[in-house]
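Following: one structure in structure tokens, then a few remarks.
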Amino acid sequence: MSVPRSVALERFAYTLAAPVLAAAPNISPDGTVNASVLLAGAAGVGGMVLALKSDEGTGRKLVRLSPLVVGAAIDAAAMYTTSWGWDAVLAAAWAAAGWCVLPLSRSARRHHRPALAPAPQPARPTPAAVPAVVDDGADAFTRDVRLLWERAGAPGRTIVVHADRHPGTRHDLTMLLRAAEAGRPITGLTEAAVAAAFGVDDAQDVVRFAPVVQQPGRQGGPGWLEVRLTPDEAVRRRKAPTEHEWWADRIGSDNGPIPGSVFAKQVRDKQRRVTHYIAQVPDELGEPRVNLHALAAALKTKYDEGRLFVTVDGNQVLVSLWDSSPLAQVFPATRELLTPDKDGRWVTGYLGNGQPARNRVYTDRGAAHGLFVAPSGGGKTQLMALHIAADALFGAVVMLATEAPDEKTAALGEHTARYGVGALYMIRLLRVMVALLEIRGEMAWEDGKVHEWDPTRPGCPYRMLSAYLDEFLSAARNGDYGTEIMDLAELVSVKGRKYGVGLKVAGQSVYVQDGFTQLLCENLRENCIPVVLKVAPRKVTEMFKALGIPSEHIPDPLPRSFSAAEEGRIERVMRGEPEPPADSNTGGAGWIIEGKQPDVLRTLFMNFKTGIDDCFPDVIETLTDHEIQELEARDLWFDWTEPPRPGEFGPEPDDEDDDGGYTPKAKGKRDGGSKSARGRDTVASTRQALEAIKKLTNA
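Residue numbering for the sequence shown is 1464 to 2162, as defined by this note's numbering.
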């Protein structure tokens, strides 16, 4: 048998080197040959140290370096032996070890294969042969499926028991599999293996596994598995899905806009041009979670177009998709809509889902207050006009005071019992309201007793009074009257409801730092349905927090426009034409806050240009004669447009200092409008307020 050349050369080298190891240290210890042997041994020791620190191949490296290290050791030992005999024995042993072990040749092979003849390799374990399926009289389709399954190597070591083709399809089927070995569970079978066996794509979409329940005459459990292969259905579902399939794939999937939701039905309202989608979330998933932006994308619209609205009721979800934003529509105000019903409710406008948004003229606590917030041009005067008309149609006495005049408020003043402009007019109106709390508190009803105001109880001797204060914050900052205006407003907001006195405040902010005290804000909020219109996006969060709305219910800002985006921009750019002007059309759009969650609405539109008389009753109600007599006795009922009367706001100035005119005594400036009434003399009751007014007016 031939010997490999590397083995023959290595053995020859060991034979020649053995005499050198024995003779070199004895003949010339300081010679070049002996020094070379010792240096080679030192290099071998260093290599062994590095081999011990390495992570792999350490054993082979030590074996390959062993001849150098052992040879150097024999060379060193030969310098101290007493005779040549010991040197010859050590060198011969070194050569014999190298001759048998062959470190260089054998250690170069990872598995230490012998140099002359390869060692027999251990036989690889062969997978247990899948027992052939006995001919059980299966139909032709099942036999064809078995052939494909066996051609793929019986994935998961399973056997096709039966296969059924889905009606109306060529490739869809359901297989019943069992483990090839009895008593063994099916493991290792994947969707990809099934798809590969039948040559289909998208295994995740077309292959489904289902457990098998034990039935009479057939076993079940982990050793059995039902496999549904539906490539044809997957193609149809992508191209022409049913409503339930579309919802499940696009909306109700785990990563969808409303995860876990199940489609119930779709309703198309042709008259209102809106499509409603109704879905339900299983009880175990808790409250529905809605991603409005993702939902808008799934419904092929944009969130800021104002066409999509979601209503959650328990575990049900209503998705309303309008052909065009309902907030872009104009809803004319009519007397029918503005007339309060038996519960004191009337239509303020319409919500985004098409429902009428209702406000109220009274509550179960008494007369309703009002809070209208909107920037300039947001529709605040329009909203105030709707409330004034509703109060007048209810039969209330309506009075209006504004800090600065404008055309619309002047037109509204023609339909009120009293109307005036300026902080002076406003403070006089508030003084009358405070005085009426005492006057009405002493007026007997038909039964001879005194009661708190209740519109459902007969025999009330007075009418409800609604007083509107427009641009309230500007008047509250007035240097002469601002402090008292805020004090009186706070008092009316606390006690007015019990005596049929409603305070309606309109302004551009409800922030405490802007002068709106926390007490006044809370009292109005609790006894009215606030309406907020057209808030700047950066102020939405702060505004609703000031109104006590939980952070999870703070709405997103309204879009800058509800009109559909102008199409054809690319063509205009190519032709060098300018863009059409933007149509903001958001006047009267905002939120109504009846509960904890604001709802988007568009208020009714009262056309001042064509006239507003049709929205108001023919008769303007006023206070009773008794109330007017009591107010005159307190020197509070006169022409409030007059200049300040002597002594009305404090003691008269000395004659010697009188310059011919009268300047009211300043009641203290509000520090930037940010301080509340707490540091001043507090008024705890209506009688105390009246006594303070009497002292100021010398009554």
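Beta carbons are placed, not taken as given, at the ideal position from N, Cα and C, and that holds for glycine.
Bridge partner(s) assigned by DSSP for residue i
i       : result
Thr1621 : Ala1642
Ser1517 : Per DSSP, none; premise fails for Ser1517.
Asp1627 : Thr1637
Arg1681 : Gln1678
Thr1865 : Val1884, Asp1933
Leu1814 : Leu2064
Gly1821 : Here residue 1821 is Arg; the residue named in the question, Gly, does not match the sequence. BP columns for Arg1821 point to Val1810.
Same chain only: Cβ atoms within 6 angstroms of residue i, ignoring 5 sequence neighbours per side
i       : result
Val2003 : Pro2020
Val1995 : Val1836, Gly2053, Trp2054
Leu1472 : none
Glu2164 : Residue 2164 cannot be examined here, being either before or after the span of the chain that is shown, 1464 to 2162.
Trp1710 : Phe1726
His1707 : Phe1726
Tyr1944 : Ala1886, Ile1890
Nearest candidate by alpha-carbon position, reference residue i, set the options
i       : options                            : result
Gly1646 : Phe1661, Leu1900, Ala1655, Gln1682 : Gln1682
Thr1621 : Pro1704, Arg1609, Thr1478, Leu1636 : Arg1609
Gly1807 : Gly1719, Tyr1825, Ala1859          : Tyr1825
Ala1997 : Ala1673, Lys1843, Lys1961          : Note on identity: in this sequence residue 1997 is Lys, with Ala being the wrong assignment. Of the listed residues, the one whose Cα sits closest to Lys1997 is Lys1843.
Thr1605 : Glu2105, Leu1636, Asn2070, Gly1858 : Leu1636
Tyr1962 : Gly1942, Leu1692, Met1906          : Met1906
Pro1722 : Gln1729, Pro1745, Leu2064, Val1730 : Pro1745
Ala1853 : Leu1928, Ala1867, Thr1865, Leu1790 : Leu1928
Leu1762 : Tyr1925, Pro1720, His2016, Ala1930 : Pro1720
Ala1757 : Gly1749, Tyr1766, Tyr1882          : Tyr1766
Beta-carbon contacts of residue i that lie in its chain and below 7 angstroms, excluding the five residues immediately before and after
i       : result
Ile1902 : Glu2090, Glu2093
Ile1537 : Leu1484, Leu1553, Ala1554, Trp1557
Val1624 : Leu1639, Leu1640, Arg1641
Gly1970 : Val1836, Glu1934, Phe1935, Leu1936
Thr2085 : Val1860, Ala1880
Phe2071 : Lys1871, Ala1874
Pro2000 : Pro2020
Pro2080 : Ala1855, Leu1856
Pro1751 : Ile1721, Ser1724, Val1744, Val1775, Asn1778, Val1780
Close-in-space but distant-in-sequence residues of the same chain around residue i (CB under 8 angstroms, 5 per side omitted)
i       : result
Met1511 : Lys1524, Leu1525, Leu1528, Val1532
Ala1656 : Ala1615, Pro1618, Gly1619
Trp2100 : Val1895, Ile2091, Leu2094
Leu1987 : His1832, Gly1833, Leu1834, Ser1956, Leu1966, Val1968, Pro1993
Start-to-end residues for the alpha helix (DSSP H) that takes in residue i
i       : result
Gly1904 : 1886-1904
Glu2057 : Run containing Glu2057: none; DSSP gives neither H nor E here.
Phe1857 : 1843-1857
Val1957 : 1945-1958
Ala1615 : Per DSSP, Ala1615 belongs to no alpha helix (DSSP H) and is neither H nor E.
Val1998 : Counting along the chain, Val1998 falls outside any alpha helix (DSSP H), and DSSP gives it neither H nor E.
Asn1986 : 1981-1989
Met2037 : 2032-2038
Gly1876 : 1870-1876
Glu1706 : 1706-1713
Arg1701 : 1694-1702
Closer than 8 angstroms: residue i CB and nearest the ligand SAH heavy atom
i       : result
Gln1792 : Among the components of this structure there are no ligands whatsoever, and the ligand SAH is therefore not found.
As assigned by DSSP and simplified to three states, the class of residue i
i       : result
Arg1808 : strand
Gly1963 : coil
Lys2130 : Caution applies to Lys2130, whose pLDDT of 40 falls short of 50 and renders its modelled position unreliable; the value that the coordinates give is listed next. Of the three classes helix, strand and coil, the one that applies to Lys2130 here is coil, per DSSP.
Ser1788 : coil
His1634 : coil
Gln2092 : helix
Glu1689 : strand
His1739 : strand
Leu1834 : strand
Leu1552 : The question names Leu, but residue 1552 in the sequence shown is Val. Val1552: helix per DSSP, three-state reduction.
His1575 : For His1575, the predicted structure reports a pLDDT of 46, less than 50, and the residue's modelled location is therefore unreliable. The matter cannot be settled from this model.
Leu1755 : helix
Asp1933 : strand
Gly1970 : strand
Leu2099 : coil
Gly1534 : helix
Thr1826 : strand
Pro1590 : With a pLDDT of only 49 at Pro1590, under 50, the local geometry of the prediction cannot be trusted, and no value is derived from it.
Val1608 : helix
Leu1528 : helix
Extent of the continuous beta strand (DSSP E) run through residue i
i       : result
Gln1729 : 1725-1732
Val1773 : 1771-1776
Arg1920 : It is not in any beta strand (DSSP E) - Arg1920 carries neither H nor E in the DSSP assignment.
Arg1647 : Premise fails: Arg1647 is in no beta strand (DSSP E) and is neither H nor E.
Val1670 : 1670-1673
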